[in-house]
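Quick note: the sequence shown uses our numbering, first residue 1, plus one each step. Cβ atoms here follow ideal geometry from the backbone N, Cα and C, with glycine treated the same way. Following: one structure in C-alpha cells, then a few remarks.
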Amino acid sequence: MATQTTGGGSTVSFGNAPQANTDIFSFTEDVSNILILNVLANDLGGAAKTLFSLDDGTSTSASTKNYAPADLLVKDLAYSSDAAGMVGTGDRSALGARIWIESDGTVHYDKGDINTQLQALAAGQTLTDTFTYAIQLGNGTLSWATVTLQFNGANDSVSITSSPQSGSVVEDANTTPDPSDSQSAAGTISFNDADLSDTHSATFAAVASNTTALGTFSLDPVSEAPNAANGSVQWHYALNNSAAQYLAAGQSVTESFVVTVNDGHGSTATQTVTVTITGTNDNAVITVGAGNSASGAVTEDAHPTSETASGMLSFSDVDLSDTHSVTSVTPSAGALGMLTASVTTDDSHTTGTGGVITWNYSVADSAIQYLAQGQTKTETFTVHLFDGTSTVDKIVTVTITGTNDNAVITVGASGAVTEDAHPTSETASGMLSFSDVDLSDTHSVTSVTPSAGALGMLTASVTTDDSHTT
C-alpha cells in the first residue's frame, strides 16, 4: 500500500485525512501512581481503529518533530495487567515514566517513576510530560498524535529531621571546676521539604508549663540553599546568671521552647527544645543586724557560780532551698568559758533572708577569780554555719572583766620582849604570810597603826610579794 509522511504529523494512505488527535490530561502531583489514559476517546476512525504503538515523542528524523518517530511503526504488545506492563514495557515518556498499552485499549502511565520531580513542585507550580502514540485505522494505515500530561503542584508538608533537641547551662559556670560548664547552649534543628521552591521561616514560643524564665531563647535566620529540599535553623539559649542564683548546688529546673518551621504555604512542623539549668552553691552570709551582737561581756563575781552572756546573729542565703545548721563552735586558745550556738530561725526559703543564730556563753566564776580589779580577758569563738554544701564562719568575742579580791594574811601575829634584857631597848621581830587570788596585784604595807597607849613602835614591809601565778 502506498504511503506518504505529511507535515501534519501522520502517516496515511493517499486520500486519508489524519485521524489521531492531540490529548491533554491534567492531574495533581499526589494522584495515584498508575494513571489510565483513554487516548482513543477523541480520535476519529470509527470502531475499527486500534491503539498501535507508543513512543517518548523524540523524533529520530528531525528535531522539529514534524515526522513521526520511527519506532511508532513497530506494534507494541498489549499487557493484561499493570504488573506485567511495568516489567515488560520498554517505552517511557519524555520525563522517564514507563508507559504501556493495556489489553482494554488504554495507555497506562507509571507516575511513580517521576514522583521525585513531582513532589518538588510547590503549590501553583506545574510540570509537563509528553509521549506520542499511533493508532491503526481499519484500512491498515497509521495516524499519530501527542499526549500531554500536566501535573499541578500541591503543597508538601515540611518535616523535622533533626534528633531531639536539648541543652544545659550552669549557674556561675565560670567559677566551677568543670571546664565544660557554660552559661549558654545552642543546637541546630534540621528540616526537609520536597517543594524545592519553598522559602521557610522559623519562630518559637515558650511552653505554657514553664515555671521559670531564667534566660533568653533566640533563633538565627533559616539556612537553606536555593531549590534545596533541606534546611536548618540554629537556636541559642543564654542564661541570666543573676536570675539563677536562687538555685542550690545540684538543683535544676527545665525550660522548654517550641520551634515552628513554616513553609509559607500552610504547612508547619515543630520541634521542642528543652534546656536544663543547674544551680551551684552560694555561701550563706552571716551579718550583725539590728538587735544582733557578735560580742558579749561578763564580770567576775557578778553572780555566785557562773557568768553568762548571749546574743544573736543574722544570716541569709540566696540558695532558697538550703537548710542551715551550726555544726561546731571553735574557742580561742586558753578560753575559760564555753559558747554554744544554734540556728533558731532558718531563712524564709522564699527571699533567702531572716535566718537567726542564737549564741550563749557561760564561764565558771571560780575560773576567773585571778583577774584583778579592771583587768580583762578576751575570748573568741568561731561559729561555723553549714548550708548543706559549704561552711561559713563568724567570730563572737566575749570580754571578761575582773573585780578586786582582798589579800588574805595568815600565820602568827605576836612577839614578846623583857624589861632590862638589853641596855637601851628591847626588840622583837617576825613574819606574816599573805595570799591574793588576784594574781596581778602588787602588795605593799602602807602603814602600821598602834593600839592606844602603845609604848613601842612597830614597822613592817613586804619582803616577798606573792608569786602572781598561784
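query: If you drop the 5 nearest sequence neighbours on each side, which residues of the same chain put their C-beta closer than 6 angstroms to that of Ala238?
result: Translated into positions along the sequence shown, residue 238 becomes position 238. Cβ neighbours of Ala238 beyond the five flanking positions: Ser184, Gly215 and Thr216.
task: Inspect the beta-carbon positions of Leu336 and Val363 and report whether they are closer than 8 angstroms.
output: Within the sequence shown, residue 336 is the residue found at index 336, counting from 1. Within the sequence shown, residue 363 is the residue found at index 363, counting from 1. Cβ atoms of Leu336 and Val363: closer than 8 angstroms.
- request: Please confirm if the region 433-443 is in contact with the region 400-407, defined as three or more CB-CB distances below 8 angstroms between the two stretches.
  value: yes
query: Does the count of Cβ pairs from the region 69-84 and the region 156-172 closer than 8 angstroms reach three?
result: no
- prompt: With Ile368 and Met312 assumed to form a contact (beta carbons below 8 angstroms), what rounded beta-carbon distance in angstroms separates them?
  reply: Here residue 368 corresponds to residue number 368 of the sequence shown, with the count starting at 1. Here residue 312 corresponds to residue number 312 of the sequence shown, with the count starting at 1. That belief does not hold up - the Cβ atoms of Ile368 and Met312 are roughly 24 angstroms apart, past 8 angstroms.
field: Gln19 - DSSP class collapsed to helix/strand/coil
entry: Locating residue 19 in the sequence shown gives position 19, where the first residue counts as 1. Note: Gln19 maps to coil in three-state DSSP.
Straight-line Cα distance separating Asp56 from Thr11: Looking up residue 11 in the sequence shown gives position 11. Looking up residue 56 in the sequence shown gives position 56. The predicted model places Thr11 with a pLDDT of 43, which falls under 50 and marks its position as unreliable; any figure quoted below should be read in that light. Rounded to whole angstroms, Thr11 to Asp56 spans 18 angstroms at the Cα level.
query: Is DSSP giving Ala78 helix, strand or coil here?
result: Within the sequence shown, the letter at position 78 stands for residue 78. Strand, per DSSP.
Local conformation of Met86 per DSSP, three classes: Translated into positions along the sequence shown, residue 86 becomes position 86. Helix at Met86.
message: Quick check on the burial criterion: 16 or more other C-beta atoms within 10 angstroms. Buried or exposed for Ile189?
response: The residue you call residue 189 lines up with position 189 of the sequence shown. Label assigned to Ile189: buried.
field: Anticipated Cβ contact below 8 angstroms, Val261 with Thr268, distance rounded
entry: Numbered from 1 along the sequence shown, position 261 holds the residue referred to as residue 261. Numbered from 1 along the sequence shown, position 268 holds the residue referred to as residue 268. Yes, Val261 and Thr268 are in contact; Cβ-Cβ is about 7 angstroms, under 8 angstroms.
Minimum C-alpha distance to Val396 - residue among Asp365, Gln251 and Ala309: Against the sequence shown, residue 396 aligns to sequence position 396. Taking only the C-alpha atoms, the option nearest Val396 is Ala309.
query: Nearest to Gly388 by alpha carbon, out of Ser325, Glu426, Ser143 and Leu149?
result: Position 388 of the sequence shown, counted from the first residue, corresponds to residue 388. Among Ser325, Glu426, Ser143 and Leu149, the Cα nearest to that of Gly388 is on Ser325.
task: Could you tell me if Ser63 is buried or exposed, where buried requires 16 or more neighbouring beta carbons within 10 angstroms of its beta carbon?
output: One-based indexing of the sequence shown puts residue 63 at position 63. Residue placement at Ser63 cannot be trusted, given a pLDDT of 39 that sits under 50; what the coordinates show is reported in the next sentence. Ser63 should be labelled exposed.
- request: Return the bridge partner residues of Val285 from the DSSP annotation.
  value: Position 285 of the sequence shown, counted from the first residue, corresponds to residue 285. Partner(s): Ser316.
message: Could you pull the DSSP bridge partners for Glu102 from this structure?
response: Position 102 of the sequence shown, counted from the start, is the residue given in the question as residue 102. According to DSSP, which records beta bridges pairwise, Glu102 is partnered with Tyr79.
Span separating the alpha-carbon of Ala244 from that of Gly279: The sequence position of residue 244 within the sequence shown is 244, counting from 1. The sequence position of residue 279 within the sequence shown is 279, counting from 1. Straight-line Cα distance between these residues: approximately 7 angstroms.
message: Taking the alpha carbon of Asp282 as the reference point, which residue from Asn241, Ser197 and Thr116 has its own alpha carbon closest?
response: As a working mapping, residue 282 is identified with position 282 in the sequence shown. Checking every option, the nearest Cα to that of Asp282 belongs to Asn241.
field: Nearest-angstrom Cβ-Cβ length linking Val275 and Val329, presumed shorter than 8 angstroms
entry: Start at 1 with the first residue of the sequence shown, and residue 275 comes out as number 275. Start at 1 with the first residue of the sequence shown, and residue 329 comes out as number 329. Going by Cβ atoms, the distance from Val275 to Val329 rounds to 43 angstroms, so no, they are not a contact pair.
query: Between which two residues does the beta strand (DSSP E) harbouring Gln271 extend?
result: Taking the sequence shown and counting its residues from 1, the one referred to as residue 271 is at position 271. Element bounds for Gln271: Thr268 to Thr278.
task: Using three-state DSSP, classify Ser390 as helix, strand or coil.
output: Reading the sequence shown from its first residue, position 390 is the one you call residue 390. DSSP places Ser390 in coil when its eight states are reduced to three.
query: Do three or more CB pairs link the region 93-103 to the region 124-131 at distances below 8 angstroms?
result: yes
- prompt: If we count the other Cβ atoms within 10 Å of its Cβ and call it buried at 16 or more, is Ser143 buried or exposed?
  reply: Reading the sequence shown from its first residue, position 143 is the one you call residue 143. With 16 or more Cβ atoms within 10 Å of its Cβ, Ser143 is classed as buried.
query: What is the rounded straight-line gap between the Cα of Thr288 and the Cα of Leu247?
result: In the sequence shown, the residue the question calls residue 288 occupies position 288. In the sequence shown, the residue the question calls residue 247 occupies position 247. Sequence inspection shows Val at residue 288; the Thr mentioned does not correspond to that position. The alpha-carbon atoms of Val288 and Leu247 are separated by roughly 25 angstroms.
query: What does a CB cutoff of less than 8 angstroms around Ser433 pick up in its chain, not counting 5 residues either side in sequence?
result: Translated into positions along the sequence shown, residue 433 becomes position 433. Once the five neighbours on either side are set aside, the close Cβ partners of Ser433 are Ile409, Thr410 and Val411.
Whole-angstrom distance between Ser425 and Ser414, CA atom to CA atom: Taking the first residue of the sequence shown as position 1, residue 414 is located at position 414. Taking the first residue of the sequence shown as position 1, residue 425 is located at position 425. Between Ser414 and Ser425, the C-alpha separation is close to 18 angstroms.
query: Taking Cβ positions, are Asp23 and Val147 nearer each other than 8 angstroms?
result: For the purposes of this step, residue 23 is taken as residue 23 along the sequence shown, with counting starting at 1. For the purposes of this step, residue 147 is taken as residue 147 along the sequence shown, with counting starting at 1. Taking 8 angstroms as the Cβ cut-off, Asp23 and Val147 qualify as a contacting pair.
task: For Ala134, collect the residues of the same chain with a Cβ closer than 6 angstroms to its Cβ; drop the 5 residues on either side in sequence, then sort them by chain order.
output: Within the sequence shown, numbered from 1, the residue matching residue 134 stands at position 134. The answer, listed in chain order, is Phe52, Ser53, Leu72, Leu142 and Trp144.
- request: Determine, using beta carbons only, whether Ala154 and Asp30 come nearer to each other than 8 angstroms.
  value: Here residue 154 refers to the residue found at position 154 when the sequence shown is read from its first residue. Here residue 30 refers to the residue found at position 30 when the sequence shown is read from its first residue. Their beta carbons are under 8 angstroms apart, which means Ala154 touches Asp30 by this criterion.
field: Val285 and Ser316 closer than 8 angstroms at C-beta
entry: Position 285 of the sequence shown, counting from 1, holds the residue named residue 285. Position 316 of the sequence shown, counting from 1, holds the residue named residue 316. Their beta carbons are under 8 angstroms apart, which means Val285 touches Ser316 by this criterion.
Beta-carbon spacing of Pro304, Glu379 below 8 angstroms: Along the sequence shown, one-based indexing puts residue 304 at 304. Along the sequence shown, one-based indexing puts residue 379 at 379. It is not a contact, given that the beta carbons lie outside the stated cut-off.
field: Distance between Asn192 and Asn38 (C-alpha atoms, nearest Å)
entry: Position 38 of the sequence shown, counted from the start, is the residue given in the question as residue 38. Position 192 of the sequence shown, counted from the start, is the residue given in the question as residue 192. Roughly 37 angstroms between the two C-alpha positions.
message: Rounded to the nearest angstrom, what separates Val398 and Glu300 at their Cα positions?
response: Taking the first residue of the sequence shown as position 1, residue 398 is located at position 398. Taking the first residue of the sequence shown as position 1, residue 300 is located at position 300. Spanning the two alpha carbons is a distance of roughly 13 angstroms.
message: Using a Cβ-Cβ cutoff of less than 8 angstroms, which residues in the same chain neighbour Ala228 once the five nearest sequence positions on both sides are dropped?
response: The count along the sequence shown starts at 1 and reaches residue 228 at position 228. Correct list, in chain order: Leu196.
Three-state class that DSSP yields for Thr327 in the structure shown: Stepping through the sequence shown from its first residue, residue 327 is reached at position 327. Looking at Thr327 - three-state DSSP - the assignment turns out to be strand.
message: On the criterion of 16 or more Cβ atoms from any shown chain inside 10 Å, does His108 qualify as buried, or is it exposed?
response: Numbered from its first residue, the sequence shown carries residue 108 at position 108. Looking at its Cβ environment, which holds 16 or more other Cβ atoms inside 10 Å, His108 is buried.
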